[in-house]
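Residue 886, in this note's numbering, is where the sequence shown stops; the numbers in between run on with no holes. We put the CB at the ideal spot given by N, CA and C, even for glycine. To start, the structure itself, in structure tokens.
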Amino acid sequence: MTFYADLHVHSKHSRATSRDGDLEHMAFWARKKGVSVLGTGDFTHPEWFGELQEKLVPAEPGLYRLRADLEKQVDQWLDGPGHQPKVGPGPVRFVLQVEISTIYKRDDRTRKVHHLIYVPDLEKARALRESLARIGNVASDGRPILGLDSRHLLEITLQSGEGSYLVPAHIWTPWFAVLGSKSGFDTIELCYGDLSGEIFALETGLSSDPPMNWRLSSLDRYSLVSNSDAHSPPKIGREACVFHTEMDYFAMRRALKTGESYGGTVEFFPEEGKYHFDGHRKCGVSLSPEETRRYEGLCPECGKPLTLGVMHRVEELADRDDVPEVRPPLAAPYRSLIPLVEVLAEVQGVGPQSKAVWQKYEDLVRRLGSELFILEHASLEDVRRAASPLVAEAVSRMRAGRVLCEAGFDGQYGTIRLFTKEELRRGSSVGILFDLSEAESTAGTAGPTETLPGDRTVGPGLPADQPANAESKAGTAGPTETPQTHGHGLLDDLDPEQRAAAEVFFGPLLIIAGPGTGKTRTLTHRLARLISEHGVPPHECLAITFTRRAAGEMAERLEKLLPNRIDRPAAMTFHRLGLSILEEHGSRLGMAEPLRVACQTEGRQLLEEALGTSERKATRLLAQISCQKRTVQAIASSPGVSAAAPDAEIAAALDVYQQQLHARGLVDFDDLVVLPVRLLETSPDLVDHYRSRYRWVSVDEYQDIDPLQYRLVRLLVPPDGNLCVIGDPDQAIYGFRGADVSCFQRFNDDFPSARTISLVRNYRSTRTIVDASLE
Numbered sequence: 112m113t114f115y116a117d118l119h120v121h122s123k124h125s126r127a128t129s130r131d132g133d134l135e136h137m138a139f140w141a142r143k144k145g146v147s148v149l150g151t152g153d154f155t156h157p158e159w160f161g162e163l164q165e166k167l168v169p170a171e172p173g174l175y176r177l178r179a180d181l182e183k184q185v186d187q188w189l190d191g192p193g194h195q196p197k198v199g200p201g202p203v204r205f206v207l208q209v210e211i212s213t214i215y216k217r218d219d220r221t222r223k224v225h226h227l228i229y230v231p232d233l234e235k236a237r238a239l240r241e242s243l244a245r246i247g248n249v250a251s252d253g254r255p256i257l258g259l260d261s262r263h264l265l266e267i268t269l270q271s272g273e274g275s276y277l278v279p280a281h282i283w284t285p286w287f288a289v290l291g292s293k294s295g296f297d298t299i300e301l302c303y304g305d306l307s308g309e310i311f312a313l314e315t316g317l318s319s320d321p322p323m324n325w326r327l328s329s330l331d332r333y334s335l336v337s338n339s340d341a342h343s344p345p346k347i348g349r350e351a352c353v354f355h356t357e358m359d360y361f362a363m364r365r366a367l368k369t370g371e372s373y374g375g376t377v378e379f380f381p382e383e384g385k386y387h388f389d390g391h392r393k394c395g396v397s398l399s400p401e402e403t404r405r406y407e408g409l410c411p412e413c414g415k416p417l418t419l420g421v422m423h424r425v426e427e428l429a430d431r432d433d434v435p436e437v438r439p440p441l442a443a444p445y446r447s448l449i450p451l452v453e454v455l456a457e458v459q460g461v462g463p464q465s466k467a468v469w470q471k472y473e474d475l476v477r478r479l480g481s482e483l484f485i486l487e488h489a490s491l492e493d494v495r496r497a498a499s500p501l502v503a504e505a506v507s508r509m510r511a512g513r514v515l516c517e518a519g520f521d522g523q524y525g526t527i528r529l530f531t532k533e534e535l536r537r538g539s540s541v542g543i544l545f546d547l548s549e550a551e552s553t554a555g556t557a558g559p560t561e562t563l564p565g566d567r568t569v570g571p572g573l574p575a576d577q578p579a580n581a582e583s584k585a586g587t588a589g590p591t592e593t594p595q596t597h598g599h600g601l602l603d604d605l606d607p608e609q610r611a612a613a614e615v616f617f618g619p620l621l622i623i624a625g626p627g628t629g630k631t632r633t634l635t636h637r638l639a640r641l642i643s644e645h646g647v648p649p650h651e652c653l654a655i656t657f658t659r660r661a662a663g664e665m666a667e668r669l670e671k672l673l674p675n676r677i678d679r680p681a682a683m684t685f686h687r688l689g690l691s692i693l694e695e696h697g698s699r700l701g702m703a704e705p706l707r708v709a710c711q712t713e714g715r716q717l718l719e720e721a722l723g724t725s726e727r728k729a730t731r732l733l734a735q736i737s738c739q740k741r742t743v744q745a746i747a748s749s750p751g752v753s754a755a756a757p758d759a760e761i762a763a764a765l766d767v768y769q770q771q772l773h774a775r776g777l778v779d780f781d782d783l784v785v786l787p788v789r790l791l792e793t794s795p796d797l798v799d800h801y802r803s804r805y806r807w808v809s810v811d812e813y814q815d816i817d818p819l820q821y822r823l824v825r826l827l828v829p830p831d832g833n834l835c836v837i838g839d840p841d842q843a844i845y846g847f848r849g850a851d852v853s854c855f856q857r858f859n860d861d862f863p864s865a866r867t868i869s870l871v872r873n874y875r876s877t878r879t880i881v882d883a884s885l886e
């Protein structure tokens, strides 16, 4: 089998690491990245070792996996099979791994060398940890610093038992590596002495790639590995190894030792590493080795010694002038990749940590598979469909190595770009797409076409939004009129009334739209115009509707209207919106993390067990509880309106039901609106936060809103805010679920500056049918 392995990571117990560095989050991110085998990191740390003992169970030889309940938790975080990666599917396997820093004197020089140690079972890890604890402090840092000679550390590793081995870490890093310019050695043999023959693999680090290492004939006998050295779970998989073996610790070790069945590495472009070039970070000086020699190793700004980078050190030790034409015997394939968030950030012109980038990242992983699968194997046509032609072109260029590099230096990461600023400027106006013959000619050739997964549920156990979409697709009965057109603009396909509505920019807007008049069409064209012509940031736009099907249709229309943008307005149901609010801020209500939503069957069973009643009665009570939660809660929050006291039996059942949900860390479908309303009404700072985040809010099928949902809308949008609602009070069909047409009628009272526009042209039905429907 073929799989990715990332064998150098750190837990939350190492310095400068994320507090999310636990096994569950590691497994979660490894699944997203497509990594099947992951290092545990830090097994010498006492607390972390205890956690490994508690949470891991044996799997294949020399490998571990999470306990079943924890694997289930990770599955729930991933929302089930919709996130199953295309490469390395299934639960993550763990390898016991630790990085050790050694600082010692040798030949009148201070040596600082980092090492990766691997053992096949917890008993050997315990023995090694106890041996090292007698030498130095292994409890203060997950990556302990020991006053221990590298050769001695290797000897202790080998003595811990059969199968244990050591790999020198990021061998070129100036300050902390076996070949580093500041405190390393000139050869592996000088470092490990008579035991150097026990070293069979070297970690290249972020600032070098295999061809740079091939310039040293002394390294020909080693397998070259690359790993993420992740200090936070989202960094997992940024570099990784590929194995064509069984998922087995000893098979992987054998592949590294012999080169057989070792598939090589996926890596940074080495220029992105933070020690690739020479330089002086304080002065902003970055120099190639040749330039450094010209300045005699001194910073041209301040005159102090430059930090010599990896490229300089490679040239200093190389006995080959260039990369050899014939690769060394153990040379394995390698591919240089750019992290997907960096690709998306460049295309969008925002930072890699922006909300828009991560929203698109999540969407692509959901639709196409793991990050490594997308970067290496997904067909360009699939990427084009799921993202945009520009993203597909970016992936094509990355795979071909057609990149623009600004090399990292003196601890500052480099920058790898795929487009010039001019190309991106033209790309925003579609011009770039006519110059990209390369993307057109290679589309679909990089891998098999994948079937896109189905709709993602909004939470574990959460049913599809109900009720079903009230409006069937336009055109079912054939249009009776054709909209007027006025040229080639975004709104030119709209009729005069639709166009007038779509041209409204600021303030509240009520659009009264009869049957078949193009409600969703008008709404999406208006949003697209706000973004493309008025420069409204897409992430400040929120479109709300009532079913996942309708939200999906809205998202598809926006994708067509905004084909060259990777970030588009969020289109979601009320319940999905409520879930996102609770996921971000539910802790203020004392809610469990991760949030889990009870399905209707689970809710009924809770009532059956708590009340000792029949399935039939529990079903009836659950329906009444749902109605009670949606209506009484909403009425109670409306000023000047008193809520009728609920029936005693329903009130008692409601209390028991809520207690059972809370005890199990659950919420139900109705809570996804009830609780966000409660949260926002008691948190003025959150109201300000969401009003700043979503400055343009649109609601489709507004006639179907219930009082509680209306309350949520009013919390999200101030009276003079940019709110657009569209619907037809004569089409309200969900009164049985609490929909209240009076919310439609109250709109102008609550938003006094609102404009009202009516759509009157029907494109779906004949005049006779329309007239009949309005009688």
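Q.
Using a Cβ distance threshold of 8 Å, determine whether the region 328 to 343 contacts the region 305 to 316, with at least three qualifying pairs required.
A. yes
**Q.** Whole-Å CB distance - I246 paired with P279, under 8 Å assumed
**A.** Contact doesn't hold; Cβ gap of about 19 Å is too wide.
Q) Three-state secondary structure (DSSP) at D331? A) coil
Q) Among T526, V468, G348 and F139, which has the Cα closest to the Cα of F484? A) G348
Q | Contacts around P345, its chain only, beta-carbon distance under 6 Å, and the 5 residues preceding and following it disregarded | A | W140
Q.
Alpha carbons only, please: which of G272, D305 and S329 is nearest the one belonging to D297?
A. S329
Q) So does the region 383 to 402 actually touch the region 143 to 158, counting three or more Cβ pairs closer than 8 Å? A) no
Q. Rounded to a whole number of angstroms, what is the C-alpha to C-alpha distance between Q187 and L706?
A. 10 Å
Q: Can you grab the Cα-Cα spacing for the pair I449 / Q771, in whole Å?
A: 47 Å
**Q.** Inter-residue spacing [alpha-carbon to alpha-carbon] between D815 and R659
**A.** 15 Å
Q | Check whether V808 and V828 have beta carbons under 7 Å apart | A | Closer than 7 Å, so yes.
Q. How is the beta strand (DSSP E) around W807 delimited, first residue to last?
A. W807 to V810
Q) Considering only the beta carbon of each residue, do V230 and S275 sit closer than 7 Å? A) yes
Q.
the ligand ADP and L441: does the residue's C-beta get closer than 6 Å to at least one heavy atom of that ligand?
A. What this structure holds is no ligand at all, so the ligand ADP is not there to describe.
Q | Inter-residue Cα distance where the pair is R866 and E651 | A | 21 Å
Q | Simplified DSSP state of Q609, which is helix, strand or coil | A | It is helical.
Q.
Pairs of beta-carbons, one from the region 632 to 641 and one from the region 792 to 806, closer than 8 Å: are there three or more?
A. no
Q) Where do the N-terminal and C-terminal ends of the alpha helix (DSSP H) with T633 fall, by residue? A) K630 to S643
Q. Is it the case that the Cβ atoms of P172 and D359 are separated by a distance below 7 Å?
A. Yes, the pair counts as a contact, with Cβ atoms nearer than the cut-off.
Q. Which whole-angstrom value is the C-beta distance of A443 and A116, which I expect to be below 8 Å?
A. At roughly 13 Å, the Cβ-Cβ gap does not stay under 8 Å, so A443 and A116 are not in contact.
Q: Within its chain, find whatever has a CB closer than 6 Å to the CB of D260; leave out the 5 residues flanking it on each side and keep chain order.
A: Y215
Q | Length of the line joining the Cα atoms of P863 and S465 | A | Roughly 35 Å between the two C-alpha positions.
Q) Using the C-alpha atoms, what's the distance from S490 back to E664? A) 24 Å
Q | Among W325, V421, D133 and Q820, nearest to I655 - alpha-carbon criterion | A | Q820
Q.
So, under 8 Å CB-CB, W283 and S294 are touching, yes? Tell me the CB distance rounded to an integer number of Å.
A. Contact flag wrong, Cβ pair sits at about 12 Å.
Q.
Give the list of continuous beta strand (DSSP E) stretches no shorter than 3 residues that lie fully inside the region 437 to 480.
A. 445 to 447
Q) Is it the case that the Cβ atoms of L732 and L718 are separated by a distance below 7 Å? A) yes
Q) Are the Cβ atoms of G400 and E383 separated by less than 7 Å? A) It is Pro, not Gly, that sits at residue 400 in the sequence shown. In this structure, E383 does not lie closer than 7 Å to P400 by Cβ.
(Q) Please classify L163 as buried or exposed, where buried requires at least 16 neighbouring CB atoms within 10 angstroms. (A) Under this definition L163 is a buried residue.
Q: Would you be able to state if there are at least three C-beta pairs under 8 Å between the region 465 to 474 and the region 505 to 518?
A: no
Q) Which class does L149 belong to by DSSP, given the choice of helix, strand or coil? A) strand
**Q.** Where M683 falls: helix, strand or coil (DSSP)
**A.** Residue state for M683 is assigned as strand, using DSSP reduced to three classes.
Q: May I ask you to report which of helix, strand or coil DSSP gives N248?
A: coil
Q.
Is it buried or exposed, G646, if we count other Cβ atoms within 10 angstroms and call 16 or more buried?
A. exposed
Q: Could you tell me whether the region 127 to 138 touches the region 219 to 237, where touching means 3 or more Cβ pairs closer than 8 Å?
A: no
**Q.** Own chain residues within Cβ distance below 6 Å of K385, not counting five before or after
**A.** Sequence-distant partners of K385 (beyond 5 residues in either direction) whose C-beta falls short of 6 Å from its own C-beta, in its chain, are G519, G522, Q523 and Y524.
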